[in-house]
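Per this note's numbering, residue 196 is the first one in the sequence shown, and the count goes up by one each step.
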Amino acid sequence: MRASIIQIGNSKGIRLPKSIIDQYNIQGEMEIILNEHDITLKPIKKAREGWEEAFKQMHANGDDRLLIDDVFEDEIFD
């Protein structure tokens with residue numbers, strides 16, 4: 196795919212087709228990674244995106260139990 200460089204105010208940019216924006220769920224910002232011979236654009240995901248579904252799956256599999264006790268024998272409570 197080719198894209199033309201366009202003038203945007205004092206800067207220059209490229210336009211991404213709507214189909215690409217929809218396919219990669221691009222919203223708001225993108226990460227720009229400068230490599231030695233190319234540039235990579237990555238959609239920025241929300242922090243903790245997908246965690247809720249992962250936790251539900253863990254619960255369904257019984258993987259959400261504590262690995263160590265949350266209260267130790269030597270702790271003193273007043």
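For every residue, glycine included, the Cβ atom is placed at its ideal position computed from N, Cα and C.
- In whole angstroms, what separates the C-alpha of Asn220 from that of Lys237? Here residue 220 refers to the residue found at position 25 of the sequence shown. Here residue 237 refers to the residue found at position 42 of the sequence shown. The alpha-carbon atoms of Asn220 and Lys237 are separated by roughly 10 Å.
- Task: Within its chain, find whatever has a CB closer than 8 Å to the CB of Met253; leave out the 5 residues flanking it on each side and keep chain order.
- Result: Translated into positions along the sequence shown, residue 253 becomes position 58. If we look at Met253 and ignore the five residues flanking it on each side, its Cβ neighbours are Asp259.
- Task: Report all residues from its chain with a CB closer than 8 Å to the CB of Lys207; omit the five preceding and five following residues, and keep chain order.
- Result: Numbered from its first residue, the sequence shown carries residue 207 at position 12. Counting only Cβ-Cβ distances below 8 Å, and skipping sequence neighbours, we find Ile200, Ile201.
- Query: Straight-line CA distance for Gln218 to Asn230?
  - Reply: One-based indexing of the sequence shown puts residue 218 at position 23. One-based indexing of the sequence shown puts residue 230 at position 35. Approximately 24 Å between the Cα atoms of the pair.
- Message: If we require 4 or more residues per run, which alpha helix (DSSP H) segments fall completely within the segment 205-229?
- Response: 213-218
- Message: So, at 8 Å on beta carbons, what are the nonlocal neighbours of Lys223 in its own chain, with the 5 sequence-adjacent residues on each side left out?
- Response: Counting from 1 along the sequence shown, the entry for residue 223 is found at position 28. Per the sequence shown, residue 223 should be read as Gly rather than Lys. Contacts found: Ile239.
- Query: In the DSSP assignment, what residue or residues form a beta bridge with Lys237?
  - Reply: Working through the sequence shown from its first residue, we reach residue 237 at position 42. BP columns for Lys237 point to Glu226.
- Query: What are the boundary residues of the alpha helix (DSSP H) that includes His254?
  - Reply: Within the sequence shown, numbered from 1, the residue matching residue 254 stands at position 59. Start and end: 246-256.
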